[in-house]
Amino acid sequence: MSFPFPVPDKNDPRWTARGGVFVRRSEGTHRWLAGDTYTIKVTVDDTNGSLGLIEATVPPGAGPVAHSHGNEDEAFYVLSGHLEFLNGDELEVAEAGDFVFIPRGTRHRFKNVGDTDARMLVIFTPGGHEKFFVDNGDEPQPGEQPPQWGPERYARLVDELLEQNVTILPE
Numbered sequence: 009m010s011f012p013f014p015v016p017d018k019n020d021p022r023w024t025a026r027g028g029v030f031v032r033r034s035e036g037t038h039r040w041l042a043g044d045t046y047t048i049k050v051t052v053d054d055t056n057g058s059l060g061l062i063e064a065t066v067p068p069g070a071g072p073v074a075h076s077h078g079n080e081d082e083a084f085y086v087l088s089g090h091l092e093f094l095n096g097d098e099l100e101v102a103e104a105g106d107f108v109f110i111p112r113g114t115r116h117r118f119k120n121v122g123d124t125d126a127r128m129l130v131i132f133t134p135g136g137h138e139k140f141f142v143d144n145g146d147e148p149q150p151g152e153q154p155p156q157w158g159p160e161r162y163a164r165l166v167d168e169l170l171e172q173n174v175t176i177l178p179e
């Protein structure tokens, strides 16, 4: 096939240079946080700072307390289930195939309002906040369910939340 514009010679390093990330479905760091299961698939280190990507499994009734991020935007792509999103002071239910974008500084949370586990992809831009999940989540225990977090668990994270520029804004 020929093109009406210049194409680099086959000796150009762009033909063979490799970059990027390839993560298989079973790969990632698994953590429990606030009743949910998170698999950290891609970190800030993997993407040269560009983004972090997490796969979340949210049981019925579960989800984090409302909060805002000062350092990053957060986007959600729902894979399955029904998730209620708080965006500022508005509520919206998202289902499989729906996309939600929350800019930094915006109060938000999600909650599974269905009767089965919901799954979604969570993207942080720029990356970095996924480190909070790795550092503060619990290692999943086979045969057990992730515990919900109460105020006492969040209280233990005050310094980390301040460092991450996350503000808790409960309903």
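Every letter in the sequence shown is one number past the one before it in this note's numbering, and letter 104, counting from 1, is 112. Note that beta-carbon positions come from the ideal geometry of N, C-alpha and C, so glycine has one too.
Query                                                                                                : Result
Identity of the residue in G122, G60, H77, P16 nearest G36 by Cα                                     : G60
H77 versus P150: straight-line alpha-carbon distance, rounded                                        : 32 Å
Simplified DSSP state of V142, which is helix, strand or coil                                        : helix
Beta-carbon spacing of D44, P154 below 8 Å                                                           : yes
Contained beta strand (DSSP E) runs [length at least 3] in the region 99-138, N- to C-terminal order : 107-110, 116-120, 126-133
Nearest to V86 (by Cα), restricted to the options V50, E152, G57, F107                               : F107
Expected contact under 8 Å - CB spacing of M128 and A64 to nearest Å                                 : 5 Å
L162 - partner residues in DSSP beta bridges                                                         : The sequence given here has Tyr at residue 162, not Leu. None, per the DSSP bridge assignment.
CA-to-CA distance, R161 to N144, given in whole angstroms                                            : 10 Å
DSSP-derived helix/strand/coil call for D167                                                         : helix
Inter-residue Cα distance where the pair is G57 and G135                                             : 5 Å
Beta carbon of A74 nearer than 8 Å to that of L91                                                    : no
CB contact flag (P67, D123, <8 Å)                                                                    : no
CA-to-CA distance, V15 to R22, given in whole angstroms                                              : 11 Å
Local Cβ density within 10 Å of L170, reported as buried at 16 or more and exposed below that        : exposed
Euclidean distance between Cα positions of K119 and L99                                              : 10 Å
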